[in-house]
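Visitor: Below you will find the structure I want to go over with you.
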Amino acid sequence: MTDNWGDVLMDYDEVMDRFDPVIGLEVHVELNTASKMWCACSTEFGAPPNSQTCPVCLGLPGSLPVVNGLAVESAIRIGLALNCQVAEWCRFARKNYFYPDMPKDYQVSQYDEPICFDGHVDIEVEGEVFRVEIERVHMEEDAGKLLHVGGSTGRIHGADYSLLDYNRAGVPLMEVVTKPIRGTGAKAPQVGRAYMQFLRDTVRALGVSHARMEQGNLRCDANISLMPKGTDELGTRTETKNVNSLKSVEGALRFEMSRQGEILASGGRIKQETRMWHETGGYTTPGRSKEQAEDYRYFPEPDLVPIAPSREWVEELRATLPEPPAQRLKRLQTAWGFSDRELGDVRAIGALDLVDATVAAGCAPAAARKWWTGELSRRANEASVELEDVGVSPIQVASLQQLVDRGIVNDKLARQVIDGVIAGEGTPDEVVASRRLAVVSDDTALLLAIDAAIEADPGAAAKVRDGKVAAAGALIGAVMRQMKGTADAAKVRQLLLERLA
Amino acid sequence: MASGILQSSAADLASLIASGDLSSVEVTQAHLDQIAAVDGDVHAFLAVDTDRALAAAARVDAKRASGETLSPLAGVPIAVKDLFCYEGLPTTAGSHILEGWVPPYNSTVVNRLLANDLVILGKTNLDEFAMGSSTETSYWGPTHNPWDLTRIPGGSGGGSSASLAAFEAPLAVGTDTGGSIRQPASVTGTVGVKPTYGGTSRYGVIAMASSLDQPGPCARSVLDAALLHQVMGGYDPMDSTSIHAPLPDVVGAARSGDVAGMRIGVVKELGGEGYAPGVEQRFGEAVELLTSLGAEVVEVSCPHFVHALATYYLIMPAEVSSNLARYDAMRYGLRVGDDGERSTEEVMNLTRGAGFGEEVKRRIILGTYALSSGYYDAYYGSAQKVRTLISRDFQAAFEQCDVLVSPSTPTTAFRLGERVDDPLAMYKADLCTIPSNLAGNASGSFPCGLAPEDGLPVGFQVMAPPMADDRVYRVGAALERALESRWGGPMLAQAPRLANSLVVSA
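If you read the protein sequences in the order shown, they are chains A and B. Each residue of the first sequence is one higher than the one before, counting from 544 in our numbering. Each residue of the second sequence is one higher than the one before, counting from 1232 in our numbering.
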């Protein structure tokens, strides 16, 4: 078996027969603070190149950094959610290396004094729980973006020229590093994926990151090595970069295990290197050799003062942590009555928050699940957008379901309502009215208007219900105004009295 | 009138402008004329900003005419070391690599000068990236000492101090990393103060060594320096190392000059072998003078000061190697070898090779080595420990004394070219000044006479604890008052007259 790049791969089961995998994940989490790590520039995604820059994030001579307090707070909250210790005193450090996307030619990061350290999380895969130890959470700044133009590889070598966008330079990043994870056996790729999913859900629940992997808010470097069975000597590891989806975490780990397994089995030696993951082909290619460790000449950043989070502050932050993801899942599953499979479907497409919000807006859980995992998920895929950007909000889904429940639209018409909502024609009620979508008859629009009038004037409605038919005049007037006079007043009166009978 | 203007103190000029006896335009024009007359010989300025200076002066005059209250130094011209970013004027740091770079923003110090209506005349020469004690490493050629044009004006801020001594400007701002304000002040017979680290903002000042750099005032009198200190200093939220506390009352101290009852410590380690006899003589006389004014003088020992130079030459280059990495031809400044064929790395290499001078390269290499894996603990790590010991020496000494004193530099101005090929000899010019940078305390240099052997200025250094900058001024003012009454006028009146100078002797 070979991959697109020509590597010979070992059958996965055979890898498992002969080796124990050891994995480690380094995940960069881009925070969603409004301003950058050291300056007031906006962090908004997608602005014109270099429009969100200033002397500080361009590293102009003489400029100095000032730390973003919210970024420090976010780092501590992430650390606490991962059961880490929070340093009583820590510093930033400069990591020195030359690269055009680094305005200062050093990255301000943390070295031997991370803000959070020694944590752990428990990850469940198919009923089995694996403990993932967290080595550290540290703060640093993102680099700019290079766009290589011309050449065949899209990389700096061979390009005709390169363009630089420093909008991302100085955006706060948190790096979450696990200790080596052993004992996961054949489930190593799934554990990697589940951990990544856990991290994504956690930073989303904390509200500290947009956590959109396709926008690079979460970027994973996956380390893996194989130990021959029966030994406990760590093998040479590779570090796979560009692992930017949950599927990729699993795929990249699996691929590297098969690639390394074949090399080791045929007497070869693993090169210590970084490898690039190619999501479309599902394979890795060699990147930078790491056999000669680069010397980053770290030293404490003299332009910044140490950070000493008070214990009181840390405890305040701990007290306001959101419900841990696992606990929340259990609670929601019970409340919603979903099977493991149903809950899994919702989580797989990242719709947990959406379903939760839809239910909160008054929709039955099963119906909310159906809309998000079915019709809306399909449309998001077609439009290649995130589910939450599909153009229909949880509140709108809830009111759409109400229309269905009330028999005003059927499923087929409901899809047309969705068309209208996505097209920006208004709320589901408005779309039904303007498109004249109704199951039964022309009465639908009238009924909607009648319901609205009743809701707007409950006093009058109550009187009518009590038999004071004269009070119906006010309601009929309201309906006629809403229908802009196109309705037959006698028909309105008949339907209204039926409604309030 | 012009001659009177040039010799006036900044304080006097400000009050004459405020009273309407002089216009800021007259004052500014007089200094621009003097620059035109003498700077061909002195070479204190790298750029003169004639139009903006005159426009700013005219605005001050208009403000006065409309009855607006003026700030204490409004309308007074000032020279700015070419390390401070000032929008619209090239800022080169004395380096080829920044040739033609015009900053798109102002340093905090420049903003404060402008906000207080000082009139910026232009940018002054310095050693490349402030690395040197003679201005000879400037890519743009050396500045000459107005006392003797064949001699160095000190460094790195030789341009600022020479501009004062040549009466081209009544005030100047400098930066001091290891003595770059105080040593030039010493050898040009002017006043220079390095404030407490964190007392003035570094924002917009091209960095040499971040944990040591500190902007400060340069002037011809103690009061002028204090007035400028007051304008430029104080908390700045743009500089994380800025101290969030009110400035000490430096102006009050400079006006008082009362040293009666002050305890003054003479640092034993800063004297003796290697110190010129005339320097030691004038320093000794100044100490006696302070005693006669009621100060109590004791000798103190700061045993770790002997390691200060070595410590400095590990910490400073380490920070330099990182701070100067950004000059890589990618975003601004010089770009060499970009022929469309060469790689990014090759262009970076060629640019840095051509753009940096020998002294800058020497320090980048030293610093890169000191931070390297396997050497960090032995060099950078050990240096930080010794730095702590030096700070403790200061703390112990300040338990016994209010201030410490020493010569500002071991010798008078040496000849241009004399030490330029002998780095170690050059570095020794900062022997006395470096400890205050390592410890972050306040320190200033004040004229204390001419060395009998060569007739050149000698500087007297006063060191005070952090945030006790006022004590530096108090002692400086006492000395100035007593010496000027002995000399019958300022020491600079004894300086030889420059050819073409518009200064007329009284």
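Where is the CB? At the ideal position from N, CA and C, for every residue including glycine. Quantities reported herein were computed from a predicted structural model and do not represent experimental measurements.
If you check the beta carbons only, do SER1391 of chain B and GLY1410 of chain B fall under 8 Å apart?
Guide: For the pair SER1391 of chain B and GLY1410 of chain B, the CB atoms are not nearer than the 8 Å cut-off.
Visitor: To the nearest angstrom, how far is it from the Cα of ALA988 of chain A to the Cα of GLU822 of chain A?
Guide: 50 Å
Visitor: Interface residues of chain A around LEU1602 of chain B at Cβ under 7 Å?
Guide: ARG840, PHE842
Visitor: What ranges does the alpha helix (DSSP H) occupy inside the stretch 721–776 of chain A, keeping only unbroken runs of at least 4 residues that lie completely in it?
Guide: Listed in chain order, they are 731–749.
Visitor: How many angstroms separate the CA atom of VAL1689 of chain B from the CA atom of GLY1515 of chain B?
Guide: 11 Å
Visitor: Is any beta-carbon of chain A found at less than 8 Å from that of ALA1438 of chain B?
Guide: ALA1438 of chain B counts as touching chain A.
Visitor: What residues from chain B crowd round GLY602 of chain A, counting only those whose CB sits closer than 7 Å?
Guide: ARG1557
Visitor: Which residue spans inside the stretch 963–1026 of chain A form an unbroken beta strand (DSSP E) run of at least 3?
Guide: none
Visitor: For a test of the three-state rule: what should DSSP assign to ALA1233 of chain B, helix, strand or coil?
Guide: For ALA1233 of chain B, the pLDDT reaches just 48, beneath the cut-off of 50, and the residue's location in the model is therefore unreliable, leaving the point undetermined.
Visitor: Residues of chain A with CB closer than 7 Å to the CB of ASP1470 of chain B, please, in chain order.
Guide: LEU607
Visitor: Check for me: the alpha helix (DSSP H) holding TYR1704 of chain B runs from which residue to which?
Guide: 1700–1718
Visitor: Nearest to THR576 of chain A by alpha carbon, out of A:PRO643, A:GLN803, A:GLY694, A:MET717?
Guide: A:MET717
Visitor: On the DSSP bridge list, what partners appear for PRO1321 of chain B?
Guide: PRO1321 of chain B is not bridged to any residue.
Visitor: Looking at chain A, which residues of the stretch 1534–1550 of chain B have a Cβ within less than 7 Å of any of its Cβ atoms?
Guide: Of all residues in the stretch 1534–1550 of chain B, ALA1549, GLU1550 have a Cβ within less than 7 Å of some Cβ in chain A.
Visitor: Does THR1210 of chain B get closer than 8 Å to chain A when you measure Cβ to Cβ?
Guide: Absent from the structure is residue 1210 of chain B, since the part of chain B shown begins at 1232 and ends at 1737.
Visitor: Is the distance from the Cβ of ILE1309 of chain B to the Cβ of ILE1266 of chain B below 8 Å?
Guide: no
Visitor: Alpha carbon to alpha carbon, what distance is there between ALA1656 of chain B and THR1642 of chain B?
Guide: 11 Å
Visitor: Report all residues from its chain with a CB closer than 8 Å to the CB of GLY1483 of chain B; omit the five preceding and five following residues, and keep chain order.
Guide: Within the same chain, and ignoring the five residues on either side of GLY1483 of chain B in sequence, the residues whose Cβ sits closer than 8 Å to its Cβ are ASP1701.
Visitor: Please go through the stretch 1659–1706 of chain B and give each complete beta strand (DSSP E) segment of 3 or more residues, from N-terminal end onward.
Guide: 1673–1681, 1688–1695
Visitor: If you count every other CB in all the chains shown that lies within 10 Å of the CB of ALA1491 of chain B, and 16 or more means buried, which is it?
Guide: exposed
Visitor: From which residue to which residue does the beta strand (DSSP E) around ARG1343 of chain B run?
Guide: Element bounds for ARG1343 of chain B: not the beta strand (DSSP E) but the alpha helix (DSSP H), 1339–1346.
Visitor: If you check the beta carbons only, do PHE1060 of chain A and LEU1602 of chain B fall under 8 Å apart?
Guide: Any answer about residue 1060 of chain A is impossible in this case: the structure gives chain A only from 544 up to 1044.
Visitor: Over what stretch of residues does the alpha helix (DSSP H) that includes PHE798 of chain A continue unbroken?
Guide: 789–808
Visitor: Give me the DSSP bridge partner(s) of ASN639 of chain A.
Guide: As a beta-bridge residue in DSSP terms, ASN639 of chain A pairs with A:TYR649.
Visitor: Could you tell me which chain B residues have their CB closer than 9 Å to the CB of VAL610 of chain A, listed as they occur along the chain?
Guide: SER1471
Visitor: Quick check on CYS1316 of chain B - is its C-beta less than 8 Å from some C-beta in chain A?
Guide: Yes - at least one Cβ of chain A is within 8 Å of the one on CYS1316 of chain B.
Visitor: Against chain B, does ASP563 of chain A count as a neighbour if the rule is that its beta carbon must be under 8 Å from one of theirs?
Guide: no
Visitor: Give the secondary structure of ASN575 of chain A by DSSP, where H, G and I count as helix, E and B as strand, and everything else as coil.
Guide: coil
Visitor: Check each residue of the stretch 1326–1347 of chain B: if its Cβ is closer than 9 Å to any Cβ of chain A, include it; give the result in chain order.
Guide: LEU1329, TRP1332, PRO1334, PRO1335, TYR1336, SER1338
Visitor: Tell me which residues share the same chain as ALA737 of chain A and place their Cβ nearer than 6 Å to its Cβ, disregarding the 5 neighbours each side in the sequence.
Guide: These residues qualify, in order along the chain: ILE666, VAL668.
Visitor: Check whether the stretch 657–665 of chain A touches the stretch 620–629 of chain A, counting contact only when three or more Cβ pairs, one atom from each stretch, lie closer than 8 Å.
Guide: yes
Visitor: Quick one: list the residues of chain C neighbouring MET1561 of chain B, beta-carbon separation under 8 Å, in chain order.
Guide: Of the protein chains in this structure, namely A and B, none is chain C.
Visitor: Could one say the Cβ of SER1411 of chain B lies closer than 8 Å to chain A's Cβ atoms, at least one of them?
Guide: no
Visitor: Have a look at B:PRO1334, B:LEU1301, B:SER1326, B:VAL1258 and flag the residue whose alpha-carbon is nearest the alpha-carbon of LEU601 of chain A.
Guide: Comparing Cα-Cα distances from LEU601 of chain A to each of B:PRO1334, B:LEU1301, B:SER1326, B:VAL1258, the minimum goes to B:PRO1334.
Visitor: Which value, in whole angstroms, describes the spacing of the CA atoms of ALA923 of chain A and VAL1012 of chain A?
Guide: 49 Å
Visitor: I'd like to know if ASN639 of chain A contacts chain B, where contact means its C-beta is closer than 8 Å to some C-beta of that chain.
Guide: At least one chain B Cβ lies under 8 Å of ASN639 of chain A.
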